[in-house]
Structures are given as C-alpha cells and as structure tokens.
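Asker: This is the structure I want to talk about, given as structure tokens.
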Amino acid sequence: MSAIGELSSLRADRARRPLTPEEKAARRRENNRDNKTAYLFLTPWFLGLAVITIGPMLASLYLSFTQYSLLQPPTWIGVQNYLDMLGDARLHHSLKVTFIYVVVGVPLQLGFALAVAIVLDRGMRGLALYRSIFYLPSMLGGSVAIALLWRQIFGTQGLVNQLLGLVGIHSTTGWVSDPRYALWTIIVLHVWTFGSPMVIFLAGLRQIPAMYHEAAAVDGASRWTRFSKITLPLLSPIIFFNLVLQLINAFQSFTQAFVVSGGTGGPADSTMFYSLYLYQKGFGQLEMGYAAAMAWLLVLIVGVLTALNFLLSKYWVFYDD
Amino acid sequence: MTDLQESAPVTTTRASARSAVGGRSASSRARSVVKHAVLIVVSIVMVYPLLWLLVSSFRPTNVIFRTPGLWINDLVTSNYTGGWTALAQPFGHYIVNSAIVVVGAVAGNLFACSLAAYAFARCRFRFRNMWFAIMLITVMVPIHVVLVPQYILFNHLGWVNTFVPLILPKFLATDSFFIFLMVQFIRGIPRELDEAARIDGCGHGRIFLRVMLPLMGPALATTAIFTFIWTWSDFFTPLIYLTDPNAYTVPVALKSFLDATSGSNWGAMFAMSIVTLVPLFLVFLFGQRFLVKGIATTGGK
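Heads up: the protein sequence lines correspond to chains R and U, in order. Going letter by letter, the first sequence gives residues 523 to 843 in the working numbering. Going letter by letter, the second sequence gives residues 2 to 302 in the working numbering.
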C-alpha cells in the first residue's frame, strides 16, 4: 500500500484473543525487550526528528515573528512580517507564477504519464526499452546540467529556434529571455520528466486483474468504456498518490527556475518561483524573519491543498477492499 | 511488493486471453504499428535534447549555434580539456567534493533508515502508530520551513562550508521516504525467519544484522541508488551551505561556470555538463531494475 494509503488507514493493531496469564507475562517480557530495542534502533531518527525537523520548525515559527539578519539577535516584531507579506506585490506575483506552474505543469505531466503508461500495456514488445527511454529524463531532469541545457535549447540561437528555422519559421525570440514564454519553457521541462509518475502508473496498471477487462470485452464493452469504468476507478488511488506528491514537490521547485533565470527569477520576474523568492529574501537580503514567515505561508498552502485533496478524494478515489 | 520484472507468465496469459477473445486480427496489428510509431516519435523527442547535448560537447562553440542536427563535421575535444581547467580549481576537484558528500549520504541513509525501518516493521513498542504517522508526515514537510533555523544552527556550530550539513542529516534518518520503502520491504519478508532465529537465542541486534540485512539487499540497493542520484544532483542545499568555491560540489561548480565564462564558452560548459551526467547515467543504466521497483513500490502495493 502506498505511503498515502497507509496514512489514511492507520489503525491500532491489538491482540483480539484474551490471553492466559502466562502468555500475558511472556508478551509483557517480549514487549519490554521490543520497546527497548525499538527506541534504541530509532535513536538516530528521534535525534533527527528533534534536531533537524521539529526543533527547526518551532524555531522558524518563532523567527517568523521577528526581524533577523543573522548579524544581530532577532527582535520581536509580532505579526509585522505577515502584514508585510499582504502588501508585498512581488510575493503575490511569485505565488501567481508558482500557481500557474503547478496548475498547468502537474496535470499535464500526470496526463502524459498516464497516457504513455496505458499505451505501454503488458503484452507490448519493447516495453522495457521504452520504459527506460521515458524514465531517463526524470532521473537526470533535476540536475543543473539539464537546466543549463534547457536554458540553451530555448535561447535565441538555441535548438528550438534552429529546428523552427528548418521548417521556415525564423524566430529571433529567445524563449527564456521573453517574459511571455520563459515560464512555459520550465513547464515543458517539468512535463519532460513524466517518467517517474509513469513508472508508478505502470505498476498500478499491472495490479488490475486482466480478467476484468476480458469479461467486459466479452460483454461487448468498448475500449473507452473499459478505460473509464475499469481502469480509471481501479487506478484512482494511484492517480491520487501521484497527484498529492507531485503537487507538494511542484510547490517547492527551485533549481530549474534558478538556473534558467541565472538566479534572478527574470526576465521581468516571469520565473520568480515562490521558493526562489524565499531564497532571495533569506539568503540574498538576509531577511531571515521574513523568509521564515514565507516558509510558513508555504506550509499553510501546501497543507490546505493536501487536506483539500484528501477531502475531495472521497468522491473519486476507490479503495477496493 | 510489486514485481515488475518477473511478470512473464502474466504477459503470456493476457496475450493468449486476448487472442482468445478477439484474435490477432489485422486491425489489432495495425493498432500495434500505430502504437509503436507514436512511441518511437515520443522517444525521439525525449532523448533528442540529451543526444544534442552530447554531440554539441564535441563541436567547436561557433558551430553549436548553427546545427540542430546530430552529425559532427569536425570533432574537437578542446571543450573537455578547456572546460576541465576553466574554473578556479580543475573540475576533478569538484567531482571529489561531490563524491565525498555522496558516499557520506549513502552510508548515512543505509545505516539510519534500515535501523528505523526494522524497528517500525518488527518491534512492538509504545506509540508505534503515532511515531509511524509522524514519520510519514515528515515526507511531506517542505524543506523551506526548516531551512532558516537549520542554517543558523549549522552556522553556529561552524559547519558552514564543510560537508557536515549535507551528510549529518542522513545519519539521522531525515529521508523518511527510505524508511517507508524499507518498512514495505521488510513486511514482505516471512516472519518465520526471524522467529526461528529468536528460538535459536538471537536478540533483535543479531536478527537485524544476520537475518534481516542480508535479505534486504534489493531495498538497500534501491536506497543507495536513489540517494546517489538525488545527492549528486542536489543543488539547493550545497548552494546554501557551500559558499567557498573550494567546497563547491559539482552542480554549484557547473552553475558558476555560467557566471565565470559569461555564457560565451558554451562548448566547455556542455562538455562539463556531460561529465557531471555520466555518473548519473551509469547508475541509471545499472541500477534501473532497482529504481523502477523502488519507485513503483512507493506508489503501488
């Protein structure tokens, strides 16, 4: 079961049958030993949780109510950072850019991943080869080398314009240097890395018993009916899983925008992703308090969207058990 | 566990079932031709940029901007020799930096995540479900919310411009994703094995070392490979913690290429891009089986 399925179905596992006193004593001894071992084995994780995750989260909550430049101790300013965020036009713009990226890029990538996964059905010749080819970009796509390549491909003299030239369109637009198109080149890069959701979809498709389709085909169901009545509902938990994870990841996108724009979020702030703006505020202008407040807004947005996703999932996700 | 590789029987039963239903008619053959045609076109679009990058790295810079094709008229290697020495340090220096970080991160994840996973999968302890839920939720916490205080902490400890901030968190099992992956894997290992070891007088420590770890090979390999790829490509963390050019890892060095040569020396930059992609590609090539299984497991059953 997927991490997300697991999370929504966590239940206490207790012994159902009443135990004899000897059994109880044995169980207790065993539990005590298990307890000690577990806490010993989990020591690194507990330390990490405290020092690397929860501690910093609390500290960042505190810092979000302060003004802090790293050089002097933080000064408490109450909700001023949050009020400033309300009036920060650049922040609103970065939210808009990020939303466009998420709302267009994520469904496009998932749609592509699902379509290709369905075409690549089980009996297909060359499946392993196609799968590798489609999966490769998503393994390399997060690297700076690929982002630099992208910057060049969509540059004034880049590959895209060279190819357009071959078919007689002589464009002098540098796609990455034109505010109208720069964001879309990053969306294209995102869609290009559809390989990892595709692999998850392929695994999911494999879980659907072939006999469902066969039975439906015998009953005369069309391909479309089989797709919409069998494949989609049975795949819905996996679509849901991909959607939640990709959404969370897309909101945190950074490298591609940073490299393509040379760290500026330009041209004209058209690739100013939220996390890029946060980085600029915190580590460029040393407004650590403001950056912390921005981080909490991000948590809030991602949290609300994830919760919304879980709520809406009741209407379209089918758990078959 | 989803098993993608060993599914030959499924394939044949379905193929034969299909021929029993409709037969391998002319229309199904035509459909298969169309399918392959579409897939081949998509494949070309997918790999073309990568091939073009490879070819361009062997072209003189002034030719790169005039040739969309993949043929090479005069092959040059000066991009590689020039690119290797274009920054303050020879490029090998940054590769060594990256290698140190990657080895540390892989070791950390293997060590800490396997311990935690064993505890979650095989021990009964108080608040287990609560801790497990917390572990799953931390997969979803945006890194930005811990970023500033973490930086302040590591800065106070004098660890900025060292590799500690990049490696230490892995030894503290902060990549919960891998804990979950290993828990899933351990659940698939028959309990009889560790119960037999227990009857023979083994404690948890020995069961973990002697029984579980040897059986966890595939899960450990998946973790190592993913950690390698993600750490090698990671740009954000090194960008924040490594401000001294001598400490740069490969992605940050590659990025600084752009500033140092002000975009004029694309050939050299492409050559060094290829150099940084080669280890990723090799790991992908040899670890693909594990990568596919690992990622499928997290989403599937």
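Beta carbons are placed, not taken as given, at the ideal position from N, Cα and C, and that holds for glycine. All of these numbers come straight from a predicted model, not from anything done at the bench.
Looking only at C-alpha atoms, which of Thr-620/R, Ile-574/R, Leu-681/R, Thr-694/R sits nearest to Ile-823/R?
Answerer: The candidate whose alpha carbon is nearest that of Ile-823/R is Thr-620/R.
Asker: Rounded C-beta distance between Ile-675/R and Tyr-623/R? I'm assuming under 8 angstroms.
Answerer: At roughly 18 angstroms, the Cβ-Cβ gap does not stay under 8 angstroms, so Ile-675/R and Tyr-623/R are not in contact.
Asker: Check for me: the alpha helix (DSSP H) holding Asn-98/U runs from which residue to which?
Answerer: 92–123 is the extent of the alpha helix (DSSP H) around Asn-98/U.
Asker: Please report the Cβ distance between Val-147/U and Ile-574/R, rounded to the nearest whole angstrom; I am assuming they are in contact, meaning their Cβ atoms lie under 8 angstroms.
Answerer: Yes, they are in contact, since the Cβ atoms of Val-147/U and Ile-574/R sit about 7 angstroms apart, within 8 angstroms.
Asker: With a cut-off of 8 angstroms, does the C-beta of Asn-831/R fall near any C-beta of chain U?
Answerer: Taking Cβ atoms only, chain U never reaches closer than 8 angstroms to Asn-831/R, which makes this a no.
Asker: Where does the unbroken alpha helix (DSSP H) through Tyr-652/R begin, and where does it stop?
Answerer: Residues 649–662.
Asker: Strictly by DSSP, which residues pair up with Gln-289/U?
Answerer: DSSP, once it has assigned bridges, lists no residue as partnering Gln-289/U.
Asker: Does any residue of chain R bring its CB to less than 8 angstroms from the CB of Ala-230/U?
Answerer: The amino acid occupying residue 230/U in the given sequence is Ile; Ala does not appear at that position. It does: the Cβ of Ile-230/U has a partner Cβ on chain R nearer than 8 angstroms.
Asker: Considering only C-alpha positions, which residue in the set Phe-656/R, Leu-769/R, Pro-540/R is nearest to Thr-828/R?
Answerer: Of Phe-656/R, Leu-769/R, Pro-540/R, the residue nearest in Cα terms is Leu-769/R.
Asker: For Trp-160/U, which residues of its own chain have a beta-carbon under 7 angstroms away from its beta-carbon, when the five flanking residues on both sides are left out?
Answerer: Counting only Cβ-Cβ distances below 7 angstroms, and skipping sequence neighbours, we find Pro-166.
Asker: Against chain U, does Gly-869/R count as a neighbour if the rule is that its beta carbon must be under 8 angstroms from one of theirs?
Answerer: The structure shown has nothing for residue 869/R, since chain R only spans 523 to 843.
Asker: Less than 8 angstroms between CB atoms is the rule here; does Met-794/R satisfy it with respect to chain U?
Answerer: Chain U, which has no Cβ nearer than 8 angstroms to the Cβ of Met-794/R, makes this no.
Asker: Any chance the region 710–729 of chain R sits against the region 643–662 of chain R, with 3 or more Cβ pairs inside 8 angstroms?
Answerer: As far as the Cβ criterion goes, the region 710–729 of chain R touches the region 643–662 of chain R, which means the pair count is three or higher.
Asker: Consider the Cβ of Ser-203/U: report whether some Cβ of chain R lies at a distance smaller than 8 angstroms.
Answerer: First, the amino acid is wrong: residue 203/U is Cys here, not Ser. No, because no Cβ of chain R sits closer than 8 angstroms to the Cβ of Cys-203/U.
Asker: Would you please verify whether the beta carbon of Gln-684/R is less than 8 angstroms from any beta carbon of chain U?
Answerer: Yes, its Cβ sits closer than 8 angstroms to a Cβ of chain U.
Asker: Tell me, which residues are paired with Trp-598/R by DSSP?
Answerer: Thr-588/R.
Asker: Rounded to a whole number of angstroms, what is the C-alpha to C-alpha distance between Ala-581/R and Ile-730/R?
Answerer: Taking the straight line joining both Cα atoms gives about 47 angstroms.
Asker: I want to verify the contact list: residues of chain R whose CB lies under 9 angstroms from the CB of Ala-85/U, in sequence order.
Answerer: Looking at the sequence itself, residue 85/U is Trp, so the reference to Ala does not match. Here the premise fails: no neighbours, minimum Cβ distance about 15 angstroms.
Asker: Per DSSP, what kind of secondary structure is His-37/U in: helix, strand or coil?
Answerer: Of the three classes helix, strand and coil, the one that applies to His-37/U here is helix, per DSSP.
Asker: If Ser-616/R sits next to Phe-776/R, beta carbons under 8 angstroms apart, how far is it from one beta carbon to the other, in whole angstroms?
Answerer: No, Ser-616/R and Phe-776/R are not in contact; Cβ-Cβ is about 12 angstroms, not under 8 angstroms.
Asker: Could you tell me if Thr-277/U is buried or exposed, where buried requires 16 or more neighbouring beta carbons within 10 angstroms of its beta carbon?
Answerer: Result: buried.
Asker: Quick one: is Pro-170/U buried, meaning 16 or more other Cβ sit within 10 Å of its Cβ, or exposed?
Answerer: Pro-170/U should be labelled buried.
Asker: Check whether the Cβ atoms of Val-48/U and Ile-655/R lie closer than 8 angstroms to each other.
Answerer: Closer than 8 angstroms, so yes.
Asker: Take Leu-116/U as the anchor and find which of Val-710/R, Tyr-561/R, Gly-811/R, His-614/R has the nearest alpha-carbon.
Answerer: Considering only alpha carbons, the answer is Tyr-561/R.
Asker: Starting from Pro-719/R, trace the alpha helix (DSSP H) both ways and give me its first and last residue.
Answerer: Taken as a continuous stretch (DSSP letters only), the alpha helix (DSSP H) holding Pro-719/R covers 717–729.
Asker: Could you name the residues of chain R that Leu-167/U contacts, counting a contact when the two beta carbons are closer than 7 angstroms?
Answerer: None at all; the shortest Cβ gap to chain R is about 12 angstroms.
Asker: Can you grab the Cα-Cα spacing for the pair Val-43/U / Met-720/R, in whole Å?
Answerer: Cα to Cα, the separation comes out at about 14 angstroms.
Asker: In angstroms with no decimal places, state the Cα-to-Cα distance between Ala-725/R and Lys-36/U.
Answerer: Their Cα atoms are separated by approximately 20 angstroms.
Asker: Using 8 angstroms as the limit for Cβ to Cβ distance, is Thr-139/U near chain R?
Answerer: Yes, its Cβ sits closer than 8 angstroms to a Cβ of chain R.
Asker: Is the shortest distance between the beta-carbon of Trp-598/R and the beta-carbons of chain U less than 8 angstroms?
Answerer: So no, Trp-598/R is outside the interface.
Asker: Is the shortest distance between the beta-carbon of Pro-659/R and the beta-carbons of chain U less than 8 angstroms?
Answerer: Yes - at least one Cβ of chain U is within 8 angstroms of the one on Pro-659/R.
Asker: Is the distance from the Cβ of Cys-114/U to the Cβ of Ile-180/U below 8 angstroms?
Answerer: Contact flag set, yes.
Asker: Can you check whether the C-beta of Val-22/U is within less than 8 angstroms of a C-beta belonging to chain R?
Answerer: Low confidence applies to Val-22/U: its pLDDT is 47, below 50, so where it sits in the model is not reliable, and the reading given next is rough at best. It does; some Cβ of chain R falls within 8 angstroms.
Asker: Taking 8 angstroms as the threshold (beta carbon to beta carbon), is Thr-62/U in contact with chain R?
Answerer: Output row for Thr-62/U: interface = no.
Asker: Going along chain U in order, which residues have a C-beta closer than 7 angstroms to the C-beta of Ile-675/R?
Answerer: Result: Pro-50.
Asker: Does DSSP put Leu-137/U in a helix, in a strand, or in coil?
Answerer: Helix.
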